[in-house]
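Step one of this worksheet: look at the structure below.
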Amino acid sequence: MGVLNVTPDSFSDGGRFLDPDAAVAHGELLAGEGADLIDVGGESTRPGSDPVGPQEQLRRVLPVLEALCERVETPLSIDTSKASVALAALEAGASFVNDVSALRGDPAMAAVVAEAGADLCLMHMRGEPKTMQEDPRYEDVVSEVKAFLEGRLAVAVGEGVAEERIWLDPGIGFGKALEHNLELIGRLGEIAAIGRPVVVGASRKRFLGALTGRPEAQRLAAGLAAAVLAFERGASMLRVHEVGPTRDALAVAAGATLGKRADLQGQRQGQ
Ligand code: HH2
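The sequence shown runs 2 to 272 under this note's numbering.
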């Protein structure tokens with residue numbers, strides 16, 4: 002999943018793609034690099050950010066979605082928690098709703114997704130972006146995130162969203178300290194065991210800076226390591242800013258996984 006932030010204030014690329022032409026060109030680049038999905042968002046959810054109203058989100062993302070629909074084959078996702086934004090994006094040709102509030106941001110969201118037959122990503126967040134990084138605490142972060150996602154999955158299905166269209170995301174960096182992010186990646190298999198495909202967004206995030214001492218623009222290698230670890234532990238989709246390098250890293254990780262299986266098979270056959 003390639004990230005396309007049409008915002009003035011996203012944490013790593015704020016302002017770069019606020020101009021619709023620049024945003025469309027970047028979307029085409031992500032598609033050319035082999036993205037399976039392009040996630041278009043008009044609201045930053047970085048720690049400390051203020052919410053952006055639906056009108057302004059639509060003003061930012063709609064022209065970009067409309068143009069990309071014409072120009073790329075890649076499926077499009079709308080990154081929003083607002084039902085009216087999701088509805089207009091789906092009408093413009095998006096087929097995936099990435100809701101970081103997991104249906105808690107707008108009571109009308111589930112119906113919009115259900116009626117459109119769209120895919121839906123439900124993400125875990127502790128608190129809200131403005132305050133979520135103020136001393137987040139958990140007894141056991143993995144079991145708490147897992148219980149939350151199971152609960153939101155049940156709500157979504159109860160409100161008519163087809164279960165086979167639902168993706169789950171532990172929300173790396175959303176109300177989590179360094180050790181929480183590391184534990185969630187390390188024990189991602191427990192989230193995947195819920196039985197729905199898992200999305201992980203670690204790209205350029207602050208915990209990578211804490212581990213490497215590098216600013217956002219220099220966190221690609223750290224992000225690739227996180228993507229490979231998440232893949233190994235069962236992630237089905239990686240939400241990333243750099244699609245080409247991530248595809249390469251995952252091609253090697255997937256090849257090695259296949260190799261491991263072939264190796265085991267060989268051992269079983271006594272070779
Ligand atoms: N992370 C961000 C935004 N949306 N959606 C999902 N499903 N998972 C994530 O981890 C996730 C997300 C934050 O990253 P970014 O879009 O680069 O920054 P900003 O929120 O500042 O626009």
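We put the beta carbon where it would ideally sit given N, CA and C, even for glycine.
- Within 7 Å of the C-beta of residue 37 there is not a single heavy atom belonging to the ligand HH2.
- In the structure shown, the three-state DSSP call for residue 37 is coil.
- Residue 170 places its beta carbon less than 8 Å from that of residue 123.
- In this structure, residue 182 has its beta carbon at no less than 7 Å from each heavy atom of the ligand HH2.
- Per the C-alpha coordinates, the member of 130, 126 and 131 positioned closest to residue 139 is 126.
- When the beta-carbon positions are compared, residue 80 and residue 40 come within less than 8 Å of each other.
- The alpha helix (DSSP H) runs lying completely inside the stretch 113–180 and spanning 4 residues or more are 142–159, given in chain order.
- In this structure, residue 30 keeps its C-beta atom at 8 Å or more from the C-beta atom of residue 2.
- Residue pairing from DSSP leaves residue 182 without any beta-bridge partner.
- Inter-residue distance for residue 176 and residue 133 is about 4 Å (C-alpha atoms, whole angstroms).
- Judged by DSSP secondary structure, residue 201 falls within the beta strand (DSSP E) whose first and last residues are 199–201.
- By the Cβ-count criterion, residue 199 is buried, with 16 or more other Cβ atoms from all chains shown falling within 10 Å of its own Cβ.
- It is roughly 30 Å from the alpha-carbon of residue 53 to the alpha-carbon of residue 231.
- Here residue 13 really is in contact with residue 205; their C-beta atoms are around 4 Å apart, less than 8 Å.
- Under the three-pair Cβ rule at 8 Å, the stretch 213–224 does not count as touching the stretch 16–34.
- When the alpha-carbon of residue 237 is set against those of 194, 96, 85 and 117, the nearest one is in 194.
- Contact check for residue 77 against residue 69 passes: the beta carbons are separated by less than 8 Å.
- Distance from the CA of residue 261 to the CA of residue 88, rounded to the nearest whole angstrom, comes to 44 Å.
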